[in-house]
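Protein chains in written order, with my numbering: chain R, 52 to 145; chain B, 107 to 412. Just so you know, even glycine gets a beta-carbon here, dropped at the ideal spot from N, CA and C. Bear in mind the structure is a predicted one, so any value in this text is a computation, not a measurement.
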Amino acid sequence: VQPHTFHGEKVFRVIPQNEEEVEFIKSLATNIQVDFWFPDSVTQIRPALQVDFRVEFHQALDVQSLLAQKGMKYEVLIDNLEVALEREFDNNAR
Amino acid sequence: AIGYNYEKYNNWDMIAAWTASIAAENPELVSRSQIGTSYEGRPMYLLKVGKSGSNKNAIFMDCGFHAREWISPAFCQWFVKEAVNNYGIDSEITNLLNNLDFYILPVLNIDGYVYTWTNNRMWRKTRSKNANSSCIGTDPNRNFNAGWCTVGASNRPCDDTYCGPAPESEKETKALADFIRSKHSVIKAYLTIHSYSQMLLFPYSYKNSVTKDHTELNSLAKAAVSQLNSLYNTRYTYGSGAATIYLAAGGSDDWAYDLGIKYSFTFELRDTGRYGFVLPESQIQPTCQETFLAVKYISNYVLNNP
C-alpha cells in the first residue's frame with residue numbers, strides 16, 4: 052500500500068458560535084471526508100469550543116467556500132500538511 | 107542508549123531497541139518486561155524505573171495511545187532518560203527513585219504508531235480488524251470499562267472514536283488493564299500522555315458529576331500546571347475532562363480512578379493547534395522539560411500523600 056501523502060491538504064479551525072453553526076459543521080462532516088483533530092469527533096462539537104479538522108486537497112476549496120457562504124469565520128492552521136510534515140523533522144542531528 | 111537522540115522522533119524499531127539498551131546500561135535502576143503483544147504481534151515493553159527495594163509504591167505512566175500523537179512517546183523516552191541521568195545528582199529525583207517505582211509504557215498502540223511511520227501519518231486508532239466491516243481499528247481511549255460507549259464515542263467501526271465491540275476488546279488495552287489490576291495495590295497514580303491542546307485533565311470524562319476527590323485533584327492539577335508553566339510560560343488549562351473539554355466515555359484515566367487509583371491524570375501536551383499533531387522536533391526538548399516538572403511535582407505529592 053502506498054504511503055498516504057498529504058499534498059495540499061489543509062487543517063482548518065472554526066469556533067461555532069451557536070447550535071446552528073454546530074449543525075452546519077456536522078452537516079459538512081456528513082458530506083465531506085473530515086478528519087477531526089480537535090475535538091476527537093463530530094459528536095463532541097459544541098458552541099464556543101474550537102474545532103480543528105483536516106480535509107483533503109480536492110475538498111479544501113469547497114470547504115472554504117461553504118464556510119464563507121455560511122459567514123463562518125475560519126482560520127487555516129496548516130495550509131499544506133505535506134510541507135508541515137517535512138518540516139516536522141527539524142532536528143538537524145538527524 | 108548512549109547516543110540515542112531524545113530530541114527527535116524515533117520509530118518503533120528504535121524505541122524497542124532503546125528499551126533494551128537503557129535497561130542493560132542501568133541495571134540498578136531500570137528493568138524491562140513485556141506485558142503482552144499488540145494485535146499484529148509486537149512486544150509491549152514496559153520499563154520499571156526505580157531503585158530496587160521492598161514495599162515501594164508506584165506510578166504508572168503510558169504514552170502512545172493515539173498513533174499520530176508523536177510527542178507522547180517522545181516524552182516517555184525523555185522521562186526515563188532524565189530520571190536515570192539525574193539519579194545520584196538531583197536530590198529530588200534520587201529521593202523519588204529510592205522511594206517510588208515508575209512503570210513506563212513507552213508506546214501502547216504500537217501497531218498504530220508503526221502505521222503512522224509507514225502508511226498514514228494521521229492514523230489514530232489501533233490496527234485490529236473489525237468483524238463485518240472493512241474499517242480498521244478501535245480508539246484505545248474509548249475501549250476501557252468506564253461508562254463504555256455511552257457518550258462521546260461511536261459504535262461504528264469506521265469512526266475515529268470507535269469504542270470497540272466490547273470493553274478491553276483490544277489486546278493492547280487488555281494487557282494494560284491486566285497489568286494495572288495485578289499491581290493496583292501499589293500503583294498510587296496513573297498518568298496517560300496524549301496531545302495536543304495543552305491540558306491537564308482528571309476524572310470524570312464519562313459523566314458530568316465530579317469525583318469525591320475533585321477538590322484535591324483540582325488543586326494538584328493547578329499546582330502541577332503552574333510548575334509546567336514556570337519554565338517557558340506554556341499555558342495549560344486543567345480540570346475534569348467533562349467540564350474542561352467534553353464528555354468522552356471509555357477513557358483509561360476514568361477506568362484507573364474507578365479501580366481505586368485516586369491520582370489519575372491525562373496530559374494533553376503541546377501545542378494548541380499551530381502544528382497540532384505535526385509538532386516539530388525542535389519543540390521536543392522544551393515540551394519534555396516542562397512536562398517533566400509537572401510529572402515530578404505530581405510524583406512528589408503522591409510520595410507524600412500515598
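- Query: How is the beta strand (DSSP E) around glutamine 333(B) delimited, first residue to last?
  - Reply: Here residue 333(B) refers to the residue found at position 227 of the second sequence. Unbroken run through glutamine 333(B) is the alpha helix (DSSP H), 320-338; no beta strand (DSSP E).
- Item | Delimiting residues of the alpha helix (DSSP H) encompassing aspartate 103(R) | One-based indexing of the first sequence puts residue 103(R) at position 52. From DSSP, aspartate 103(R) is part of no alpha helix (DSSP H) but of the beta strand (DSSP E) over 102-106.
- Task: Just the C-alpha distance for phenylalanine 87(R) and phenylalanine 104(R), rounded to the nearest angstrom, thanks.
- Result: Here the question's residue 87(R) lines up with position 36 in the first sequence. Here the question's residue 104(R) lines up with position 53 in the first sequence. Computed Cα separation, rounded: 4 Å.
- Message: Along the segment 375-390 of chain B, where does the CB come closer than 8 Å to a CB of chain R? Name the residues.
- Response: Gly379, Arg380, Tyr381, Gly382, Phe383, Val384, Leu385, Pro386, Glu387, Ser388, Ile390
- Message: Would methionine 305(B) and threonine 350(B) be called neighbours here (beta carbons separated by less than 9 Å)?
- Response: In the second sequence, residue 305(B) corresponds to position 199, counting from 1. In the second sequence, residue 350(B) corresponds to position 244, counting from 1. Closer than 9 Å, so yes.
- Message: Please tell me whether valine 213(B) and glycine 170(B) are closer than 9 Å, where the distance is taken between their beta carbons.
- Response: What you label residue 213(B) is simply residue 107 of the second sequence in a count that begins at 1. What you label residue 170(B) is simply residue 64 of the second sequence in a count that begins at 1. In this structure, valine 213(B) lies near glycine 170(B), with their beta-carbon atoms less than 9 Å apart.
- Item | Under 8 Å by beta carbon: chain R residues contacting alanine 329(B) | Locating residue 329(B) in the second sequence gives position 223, where the first residue counts as 1. By Cβ distance, chain R contributes nothing, its closest Cβ being about 26 Å from alanine 329(B), past 8 Å.
- Message: Looking at the secondary structure, which residues open and close the alpha helix (DSSP H) in which glutamate 72(R) lies?
- Response: Taking the first sequence and counting its residues from 1, the one referred to as residue 72(R) is at position 21. Taken as a continuous stretch (DSSP letters only), the alpha helix (DSSP H) holding glutamate 72(R) covers 70-82.
- Task: Check distances from the C-beta atoms of the segment 101-135 of chain R to those of chain B and list, in chain order, the residues that come in under 8 Å.
- Result: Gln101, Asp103, Arg105, Leu128, Ile129, Leu132, Ala135
- Item | Straight-line gap, proline 246(B) to aspartate 359(B) (C-alpha atoms, nearest Å) | Taking the first residue of the second sequence as 1, we reach residue 246(B) at position 140. Taking the first residue of the second sequence as 1, we reach residue 359(B) at position 253. In a straight line, the C-alpha of proline 246(B) is about 12 Å away from that of aspartate 359(B).
- Give every residue of the same chain whose Cβ lies closer than 8 Å to the Cβ of tryptophan 118(B), excluding the five residues on either side of it in the sequence, and list them in chain order. On the second sequence, position 12 is the one that residue 118(B) refers to. Arg148, Val213, Ile216, Tyr219, Val220, Trp223.
- Message: For the segment 222-237 of chain B, list every residue whose C-beta sits within 7 Å of some C-beta in chain R, in sequence order.
- Response: Thr224, Asn225, Asn226, Arg227, Met228
- Message: Just to confirm my understanding: we take isoleucine 141(B), look at its own chain, exclude 5 residues before and 5 after, and list those with CB closer than 6 Å. What are they?
- Response: Counting from 1 along the second sequence, the entry for residue 141(B) is found at position 35. Only Met150, Leu152, Ala281, Phe285 meet the Cβ criterion.
- Might you give, ordered along the chain, the residues of its own chain that have their beta carbon closer than 7 Å to the beta carbon of tyrosine 352(B), omitting 5 neighbours on each side? What you label residue 352(B) is simply residue 246 of the second sequence in a count that begins at 1. Same-chain partners within the cutoff: Gly258.
- Count the other CB atoms within 10 Å of the CB of valine 127(R); is the residue buried (16 or more) or exposed (fewer)? Sequence index remark: in the first sequence, residue 127(R) carries index 76 (1-based). Exposed, because fewer than 16 other Cβ atoms sit within 10 Å of the Cβ of valine 127(R).
- Message: Could you tell me the alpha carbon to alpha carbon distance between glutamine 53(R) and asparagine 225(B), rounded to whole angstroms?
- Response: As a first step, residue 53(R) must be located in the first sequence, where it is residue number 2. As a first step, residue 225(B) must be located in the second sequence, where it is residue number 119. Computed Cα separation, rounded: 7 Å.
- Sub-9 Å separation of leucine 429(B) and tyrosine 344(B) beta-carbons: Lying before the first or after the last residue shown, residue 429(B) is absent from chain B, which here runs from 107 to 412.
- Mind checking whether alanine 295(B) and isoleucine 367(B) have CB atoms under 9 Å apart? One-based indexing of the second sequence puts residue 295(B) at position 189. One-based indexing of the second sequence puts residue 367(B) at position 261. Yes, Cβ-Cβ distance for alanine 295(B) and isoleucine 367(B) is below 9 Å.
- Message: Does the distance between the C-beta of leucine 365(B) and the nearest non-hydrogen atom of the ligand SAM fall short of 8 Å?
- Response: Judged by which ligands are present, the structure shown has none, so any question about the ligand SAM falls away.
- Task: Determine whether the Cβ of asparagine 215(B) lies closer than 9 Å to any Cβ atom of chain R.
- Result: Translated into the one-based positions of the second sequence, residue 215(B) becomes position 109. False, the Cβ-Cβ gap to chain R never drops below 9 Å.
- Within chain A, partners of threonine 372(B) - CB distance below 8 Å: Chain labels in this structure do not include chain A; the protein chains are R and B.
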